[in-house]
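For reference, the structure is listed below as C-alpha cells.
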Amino acid sequence: MRKNFIAFLGTAASIPTKKRFTSSLLICGSKSCILLDVGEGTQIRLDELRFDISRIEIIGISHLHGDHIYGLFPLIESLYMRTCSQGRGKKILRIICPKNFENVISSLLIGGRKNRRDANECDIELEVVSASELLSNRLSIKSLSEDISIMPIPVNHGDVESYGYVVELRDIGKCHNTIRIFYTGDGICSNECINTLRNMSIDILISEATFLDYYQDIKRAEKTFHSTVYNAANTARELNANLLILTHISSRYTTTMLGDFISRAYRVFNKEILIAEDLSVIPLEIYICR
Numbered sequence: 210m211r212k213n214f215i216a217f218l219g220t221a222a223s224i225p226t227k228k229r230f231t232s233s234l235l236i237c238g239s240k241s242c243i244l245l246d247v248g249e250g251t252q253i254r255l256d257e258l259r260f261d262i263s264r265i266e267i268i269g270i271s272h273l274h275g276d277h278i279y280g281l282f283p284l285i286e287s288l289y290m291r292t293c294s295q296g297r298g299k300k301i302l303r304i305i306c307p308k309n310f311e312n313v314i315s316s317l318l319i320g321g322r323k324n325r326r327d328a329n330e331c332d333i334e335l336e337v338v339s340a341s342e343l344l345s346n347r348l349s350i351k352s353l354s355e356d357i358s359i360m361p362i363p364v365n366h367g368d369v370e371s372y373g374y375v376v377e378l379r380d381i382g383k384c385h386n387t388i389r390i391f392y393t394g395d396g397i398c399s400n401e402c403i404n405t406l407r408n409m410s411i412d413i414l415i416s417e418a419t420f421l422d423y424y425q426d427i428k429r430a431e432k433t434f435h436s437t438v439y440n441a442a443n444t445a446r447e448l449n450a451n452l453l454i455l456t457h458i459s460s461r462y463t464t465t466m467l468g469d470f471i472s473r474a475y476r477v478f479n480k481e482i483l484i485a486e487d488l489s490v491i492p493l494e495i496y497i498c499r
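In C-alpha cells form, the structure reads like this:
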C-alpha cells in the first residue's frame with residue numbers, strides 16, 4: 210500500500226481536456242487519505258492509479274463551482290457500493306465544505322437510499338462540517354488514525370465563499386517528521402491569509418496558477434479573481450515554502466507554453482517549482498527526509 214504522497218487527479222481550470230481533468234488531488238499519510246476537491250472524472254483518475262477509494266476518510270471542498278464538485282456525488286455512491294460489497298459495515302466519511310452545502314448533500318444522498326434493503330447493514334455515515342464553523346472555532350479535523358489533519362483557510366475568490374486547506378501529515382517515513390501542505394483551491398491568498406500561514410511553517414504550496422502574468426493575463430485574473438503565476442510564486446516566497454506546485458492551468462495555454470510558467474515563477478521564487486500533471490504522484494519522503 211503506497212504511503213505519504215500527493216497524487217494529482219485533475220489539474221485543469223474550469224474546462225476538462227483530454228490530458229487535464231478538472232480539480233482534484235489526493236493526499237495520503239501513513240494510514241489515511243484526504244481528497245481535496247472532486248471535479249468531474251475524479252473516479253476515473255483514481256481507478257487509473259489503482260487506488261482503493263475506501264481509504265479516503267476526509268473530503269475538503271474549496272468552493273461550490275462545478276469544476277470542483279461535480280465528481281463528489283458519484284464518488285460517494287461508489288464508496289457506498291464498495292463498503293457494502295466488501296462487507297465492511299458502516300464507513301465514516303467527513304466532508305468539509307462551504308456553508309449551506311450540507312443540505313444539498315443530504316437531500317441528494319439520503320433521499321436516494323430510502324428504499325434500500327441493505328441500509329442497516331452497510332452504509333456511509335456522513336459527517337458534513339461547515340468550513341466557516343471550523344474556522345470560527347480555530348479547529349482542524351483529524352483522520353481516525355490521527356496521522357493526518359486538515360484545516361480551512363479563507364482565500365479571496367470574489368463574492369464566492371472559498372477556502373484553501375492546510376493539510377498536516379505526521380510521522381513521515383523513516384525520519385518520522387511532520388509536513389504541512391497548503392492547497393489554495395481557487396483564489397488569492399490575501400495578506401491575512403499569508404500571515405496566518407506563516408505561523409504554520411508551510412513546507413509545500415499547491416497553488417492555482419490559472420494565468421500567466423503578462424499584461425492581458427493579469428487583467429483576466431483580476432476580473433475572475435484567479436491567481437497568476439506571479440501570485441503563486443510570491444505566496445510561496447512569502448511563506449518560505451520548500452516546494453511550489455502549480456495547478457489549475459487554463460486550457461488557453463498550450464503544452465509548449467508551460468515552460469513560461471516555470472521561468473516566470475523562478476523570477477520570484479528560487480526554490481523547487483513543479484507544474485502538476487494529471488496522474489503525477491509526488492512522494493513526500495523526498496521533501497521531508499533529506
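Note that our numbering has the sequence shown beginning at 210, numbered continuously upward.
Beta carbons: idealized from backbone N, C-alpha and C, even for Gly.
From a predicted model like this one, the values you see are computed outputs, not experimental measurements.
| message | I need the DSSP call for ARG229, collapsed to helix, strand or coil. | response | coil
| said: Give the list of continuous beta strand (DSSP E) stretches no shorter than 3 residues that lie fully inside the stretch 346–418. | reply: 357–363, 372–381, 386–392, 413–417
| Are ASP395 and SER271 close, meaning C-beta to C-beta below 8 angstroms? | yes
| At which residues does the alpha helix (DSSP H) containing PRO283 begin and terminate? | 281–294
| request: In angstroms with no decimal places, state the Cα-to-Cα distance between VAL313 and ARG476. | output: 44 angstroms
| said: I'd like the list of long-range same chain contacts for ASN207, defined as Cβ closer than 7 angstroms, with 5 residues on each side in sequence excluded. | reply: Residue numbering for the chain in the displayed model covers 210 to 499; residue 207 lies beyond these limits and cannot be assessed.
| request: Note the first and the last residue of the continuous alpha helix (DSSP H) segment covering LYS432. | output: 424–433
| message | Rounding to the nearest angstrom, what Cα-Cα distance links GLU355 and LYS300 in this structure? | response | 16 angstroms
| For SER472, the first and last residue of its enclosing beta strand (DSSP E) | Taken as a continuous stretch (DSSP letters only), SER472 belongs to no beta strand (DSSP E), being part of the alpha helix (DSSP H) at 467–475.
| Should ARG473 be labelled buried (16 or more other beta-carbon atoms within 10 Å of its own) or exposed? | buried
| field | Simplified DSSP state of SER316, which is helix, strand or coil | value | helix
| said: Which of the three DSSP states is assigned to GLU494 in this structure? | reply: helix
| query | If you draw a straight line from the C-alpha of THR419 to the C-alpha of GLN425, how long is it? | reply | 13 angstroms
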